[in-house]
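Enquirer: Before we start, here is the structure in question, set down as structure tokens.
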Amino acid sequence: MWTLQKLMWIAFWRKEKWSQLGNLCAFVKNNRRRKCKKCNLDPVKQQYFEAVAGSGSPAVKEFWLKDCQDVTLIAPNDTDYLVRIKKIISEFQAKRPKDYVPRPPSNLYLASKMTECVVRACYGWDFARIIRYAQGHSPSHAYLECDLLRSDTARATVFVGEVKSYAANKPSATMQLRKRCEALATRFEHVIPIVFSVKMSSMKKTQDLLHPIARAVKRKGFLYLHIALTLKDVLDYAAETRMHYDEKIISDAYAEAQQSITNYVKKQIKKN
């Protein structure tokens, strides 16, 4: 079955053969069914509750996504979901100029997808990580994809995470994470939001993925946990769990990230 990631590759495909994409496909395929040791997120859950109580911030369940009904978790290969994604891609392609020639993805982009898979293997185990919900009286469903999702129905708890890989500028995931939490809050009693940032330009060991050190962050009244990782942290877990990955893509991506930092510093110096 086609996943969203594969469909996006098709959307940007052109006649040249991209061996890099083949390596990334092989990475996903070889590691999909590996039984990797999972992180025990109970301490993280407790830290979140303590942070909410200490800051006076409302818990996620006190937020609410307007007109959100019938929330269901589905897999990325759900038939209706794939039909919707294909439609979105077709509409996106139709807006392109006829002479448009897409560029192949960079090694940094490919490596970020690899690191996302590794982080998901450690922190999330639910294959059904797409949120489907109805909006008001609309006959069609809306969808929200989560980078990782880990639920415990018996205890009515769900961990929802966004993985952000970056080189120079750290991206923000607050708004998109909040929207996913608001939707999940209609179904789960406890929703624990986490942002995982991966610094692709660092080969310095900072922490163990299985025993993460999280930091509480509050933005615009929304409190979530931030787990900061480096490329080295992610690769160490991959090696420990014997996950396969393309070393050349990772090496080239690290070099690209280093160059991005150099360019960023030069721009800041010139700007000032």
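Everything in the sequence shown is counted per our numbering, starting at 53 for the first residue and increasing by one. Even for Gly, the Cβ is constructed at its ideal location relative to N, Cα and C. Every value quoted in this text rests on a predicted model; they were computed, and no experiment measured them.
Among A225, L229, D288 and E241, which has the Cα closest to the Cα of V210?
Expert: E241
Enquirer: 8 Å is my cut-off, CB to CB: does C169 come that close to chain C?
Expert: Although the question refers to chain C, the structure presented lacks it and comprises just one protein chain.
Enquirer: Can you tell me the Cα-Cα spacing of A235 and A208, whole angstroms?
Expert: 14 Å
Enquirer: Evaluate S164 with the Cβ neighbour count: other Cβ atoms within 10 Å of its Cβ, from every protein chain shown; 16 or more gives buried, anything less gives exposed.
Expert: buried
Enquirer: Just tell me which of V170, V269 and A219 has its CA closest to the CA of D288.
Expert: V170
Enquirer: Is the distance from the Cβ of A127 to the Cβ of I182 below 8 Å?
Expert: yes
Enquirer: Buried or exposed: T282, going by 16 or more other Cβ atoms within 10 Å of its Cβ?
Expert: buried
Enquirer: Restricting to runs no shorter than 4 residues, where is the alpha helix (DSSP H) found entirely within the region 242-294?
Expert: 283-292
Enquirer: Can you tell me whether W70 is helix, strand or coil according to DSSP?
Expert: Low local confidence applies: a pLDDT of 44 at W70 is under 50, so the model's placement there is unreliable, with the coordinate-based value given in what follows. In this structure, W70 counts as coil in the three-state DSSP scheme.
Enquirer: Counting C-beta neighbours from all protein chains within 10 Å, is the total for D122 16 or more, i.e. buried, or is it exposed?
Expert: exposed
Enquirer: What do you get for V135, buried or exposed, if any count of 16 or more other CB atoms within 10 angstroms of its CB means buried?
Expert: exposed
Enquirer: Helix, strand or coil, according to DSSP, for Y297 in the structure here?
Expert: Correct three-state label for Y297: coil.
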